[in-house]
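*Asks:* A single structure is presented below for examination.
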Amino acid sequence: MREFIQTLKNIFKIPELKDRILYTLLLLAVYRLGSFIILPGIDSGILEQEFSAGSSGGLLDLFNTFLGGAFARGSILALGIMPYISASIVVQLLGAVVPSIQKLKKEGESGQKKMNQMTRYLTVAITLGQSATYVVYLQNQYPNAVTVNVLFWIICVVILTAGTMFLVWLGERITDNGIGNGVSLIIMIGIISGFPAALINEFKATLPMIFFIEILALGVVTMAVVALTQATRKIPINYARQMMGNRIGQLGRGNAARQYIPLKVNSAGVMPIIFA
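Mapping to the numbering used here: the sequence shown position 66 is 66, numbers consecutive.
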């Protein structure tokens, strides 16, 4: 524990690293603050109550978990950064089958900039479709909590699209000037934001021994997920033999036995779930 505290102290002794950490925390705080700003024409209290009452543990609940409750709250960030993730996956898949995009991937930094621009345009298109669907869903399922008219629909679609693009911008700023991958951090903050309240509610609803067993099981599952995510299958590299005069030498002699190609066991990670 002392070593951990000392490590934290050492981190904040490095000015550049300290500035990056504080910058990251500031932008993540902006994201969490934005998730509590409600769309105009929505009664957030009624919406959350009716959403919880009709909750069945399905995909919408999972989606709401990824967004830190913003989906059920009717927030301006109700779609989160998921449309950008979907657009990124689509562009990567197109890069494997479309010759023009394959060419961009080989053009280095300039090609990557063009692909990033394509991803942003596709993000806008996906967000427009998802935001329109989201507003129609609210109007049909929760008419008591939302305003039902065309103007409300148009305003919400525009705001939701702007909110998602704002999160894309935040993620890029964190990646460039902060710590870690901005998009991953935004998703992580959304997921863990409801964790403390869930623990408190579970503690109140169960016996202490059962709660302890649940925490222990949660820790085991977490460690298993981390192990599976980090696990790799090491494929050894066998070098071709070359004839050198009267001797046969092996390329990379001395370190060939230590070289391998690491292949992740779970290379897809959580992306299929997010994309779905």
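C-beta atoms are modelled at their ideal positions from N, C-alpha and C, and glycine is treated no differently.
Quick caveat: nothing in here was measured; it's all calculated off a predicted structure.
(1) In the DSSP assignment, what residue or residues form a beta bridge with Pro15?
(2) Threshold first: 4 residues or longer. Then list the alpha helix (DSSP H) segments lying entirely within the segment 35-110, N to C.
(3) Report the rounded CA-to-CA distance for Lys18 versus Ile11, giving the unit in angstroms.
(4) For Leu170, which beta-bridge partners are listed by DSSP?
(5) Taking the straight line between their C-alpha atoms, what separation do you get for Lys264 and Ile154?
(6) Could you check if Met82 is buried or exposed, using at least 16 other CB atoms within 10 Å of its CB as the buried criterion?
(7) Under the three-state reduction of DSSP, which class applies to Leu25: helix, strand or coil?
(8) Kindly indicate which residue of Thr119, Val97 and Ser75 has the alpha-carbon position closest to the one of Ile89.
(9) Might you give, ordered along the chain, the residues of its own chain that have their beta carbon closer than 6 angstroms to the beta carbon of Leu67, omitting 5 neighbours on each side?
(10) Are the beta-carbon atoms belonging to Ser131 and Leu160 less than 9 angstroms from one another?
(11) When the Cα atoms are used, what is the spatial distance from Glu214 to Phe195?
(12) Output the boundary residues of the beta strand (DSSP E) element that contains Pro236.
(13) Under the DSSP definition of a beta bridge, which residues are partnered with Tyr260?
(14) Taking all protein chains shown into account, do 16 or more other C-beta atoms lie within 10 angstroms of the C-beta of Gly108, making it buried, or fewer, making it exposed?
(15) Mind checking whether Ser52 and Ala70 have CB atoms under 9 angstroms apart?
(16) Taking all protein chains shown into account, decide if Phe284 is buried (16 or more other Cβ within 10 angstroms of its Cβ) or exposed.
(17) Helix, strand or coil for Ile146? Go by DSSP, reduced to three states.
(18) Please give the ranges of any alpha helix (DSSP H) in the segment 164-223, keeping only runs that are unbroken, at least 4 residues long and fully inside the region.
(19) Looking at the structure shown, is Asn10 part of a helix, part of a strand, or coil, going by DSSP?
*Replies:* If we stick to the structure as given:
(1) Mapped onto the sequence shown, residue 15 falls at position 15. Paired residue(s): none; Pro15 is not in a bridge.
(2) Within the segment 35-110, complete alpha helix (DSSP H) segments of at least 4 residues are found at 44-53, 59-66, 70-73, 82-94 and 99-105, given in chain order.
(3) In the sequence shown, the residue the question calls residue 18 occupies position 18. In the sequence shown, the residue the question calls residue 11 occupies position 11. It is roughly 7 angstroms from the alpha-carbon of Lys18 to the alpha-carbon of Ile11.
(4) By one-based count along the sequence shown, residue 170 stands at place 170. Partner(s): none; Leu170 has no beta bridge.
(5) Position 264 of the sequence shown holds residue 264. Position 154 of the sequence shown holds residue 154. Straight across, the Cα-Cα distance linking Lys264 with Ile154 is about 44 angstroms.
(6) What you label residue 82 is simply residue 82 of the sequence shown in a count that begins at 1. It counts as buried.
(7) Stepping through the sequence shown from its first residue, residue 25 is reached at position 25. Three-state DSSP puts Leu25 in a helix.
(8) Residue 89 sits at position 89 when you count from the first residue of the sequence shown. Of the candidates Thr119, Val97 and Ser75, the one whose C-alpha sits nearest the C-alpha of Ile89 is Thr119.
(9) Translated into positions along the sequence shown, residue 67 becomes position 67. Leaving aside the five residues that flank Leu67 on each side, the residues in its chain whose CB is nearer than 6 angstroms to its CB run, in chain order, Gly80 and Gly190.
(10) Counting from 1 along the sequence shown, the entry for residue 131 is found at position 131. Counting from 1 along the sequence shown, the entry for residue 160 is found at position 160. Taking the C-beta atoms as reference points, Leu160 is found nearer than 9 angstroms to Ser131.
(11) Your numbering for residue 214 matches position 214 in the sequence shown. Your numbering for residue 195 matches position 195 in the sequence shown. So the two alpha carbons sit approximately 14 angstroms from each other.
(12) Here residue 236 is taken as the residue at index 236 of the sequence shown, counted from 1. Residues Thr232 to Pro236.
(13) Locating residue 260 in the sequence shown gives position 260, where the first residue counts as 1. Paired residue(s): Pro236.
(14) Counting from 1 along the sequence shown, the entry for residue 108 is found at position 108. That one is exposed.
(15) Stepping through the sequence shown from its first residue, residue 52 is reached at position 52. Stepping through the sequence shown from its first residue, residue 70 is reached at position 70. No, these two residues do not count as a Cβ contact at 9 angstroms.
(16) With the chain running from 1 to 276 in the structure shown, residue 284 is simply not present.
(17) Indexing the sequence shown from 1 puts residue 146 at position 146. Sequence check: residue 146 is Val here, not Ile. The answer is strand: DSSP assigns Val146 an E or B state.
(18) As far as the segment 164-223 is concerned, its whole alpha helix (DSSP H) runs of at least 4 residues are 182-192 and 195-205.
(19) The residue you call residue 10 lines up with position 10 of the sequence shown. In the structure shown, Asn10 sits in a helix (DSSP, three-state: H, G or I).
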